[in-house]
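Going by the UniProt record's numbering, the first residue of the sequence shown is number 1, and it counts up by one from there.
Structure first, commentary second.
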Amino acid sequence: MQLLSDKVYESTSIAGQRFPDLFESSMAQTTARAQLEEEATRSEQATLNDITQTHQDDSQDAFSSAETTTAVYDASNSTVSGEVDIASLFPVHLPFPIEHLLMEKLQKILELACYQHTAVHRLRTNSTGLERFLADAEDLAAVLGDNIYTRAISQLRLDARSTLAELTRNKEIIQLQLEKAQEEIAKQRAELDEEERENLRQMQREDDKYRALAGERLEKALHVLGDLKVVSNNENTVLNGVDGDEAVTISDDDSEFDRAEQFEDCSEA
């Protein structure tokens, strides 16, 4: 709307003042086109001269006819030159708004075809996809014939390739370090597992030892209890014999026999 209000589309001079870079480029293109047309004119003139010289060599006896032919070709040459001059004065151009709209639409179509999903939607791509994008961009610039941008994209592609190669090397180093660390951890885990099993075996041996000691101690306590019972019975027998009218004499053989029976009973118990 600002361009319409400033009448940029209505006046070439106003447009030139507003966008001097565009008109400088247009002037450069006009100059290049004029040079090409001039070279084409010179080429046509040389071709006509060659044809005229050939006819002159073939028609040495018909000098008047050769002059007529030369005049005809000169007239044709002047006509062609006049047409070229007229064509150069009136180049074919679309209206600038339509031309600008066309180029803008073309740019959007190329963006959609080439880079929309990656650049606009911000989708991740791997190094292979990025390398393919850069290569396609370089080929496109070469097809368009823009050497400056082709060299720029080529340099950008080389820088990206070098960076990706360095990143790949770093990832490989990190991967090797991780694998080495995992191997060391696995080795330590195996050692810890073996140490744990050895501790369990040691605890089992200690438990068996303590159980055996407890059994021996209890067995000794049982033997002591059996001895106390025998002594108590003997004392009661002696006391009863002293208090009665007649003392009961216990022979040594009987005493030993009773003691043996008591020990047998204790052992069976």
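Quick reminder that beta carbons are idealized off the backbone N, C-alpha and C, glycines included.
Ile-174 sits exposed, since fewer than 16 C-beta atoms from the chains shown fall within 10 Å of its C-beta.
Three or more Cβ pairs drawn from the segment 127-141 and the segment 160-172 lie within less than 8 Å of each other, which places the two stretches in contact. A contact is defined here as three or more CB-CB pairs under 8 Å, and the segment 150-158 fails this definition with respect to the segment 182-196.
Residue environment for Glu-138: buried (at least 16 other C-beta atoms within 10 angstroms of its C-beta). When the Cα atoms are used, Leu-200 and Glu-206 turn out to be separated by approximately 10 Å. One Cα belongs to Leu-94, the other to Ala-152, and the distance between them is close to 31 Å.
A distance below 8 Å separates the beta carbons of Tyr-149 and Ala-141. In this structure, the CA atom of Ala-190 is about 27 Å from the CA atom of Asp-208. For Gly-145, the three-state secondary structure derived from DSSP is coil.
Sorting Asp-136, Glu-198, Phe-96, Lys-187 by C-alpha distance to the C-alpha of Leu-110 places Asp-136 at the top. Separation of Lys-171 and Ile-185 (C-alpha to C-alpha, rounded to the nearest whole angstrom) is 21 Å. In this structure, the straight-line span from the alpha carbon of Leu-102 to that of Val-92 is close to 16 Å. Excluding sequence positions up to five before and after Thr-168, its CB lies within less than 8 Å of the CB of Ser-127, all in the same chain and listed in chain order.
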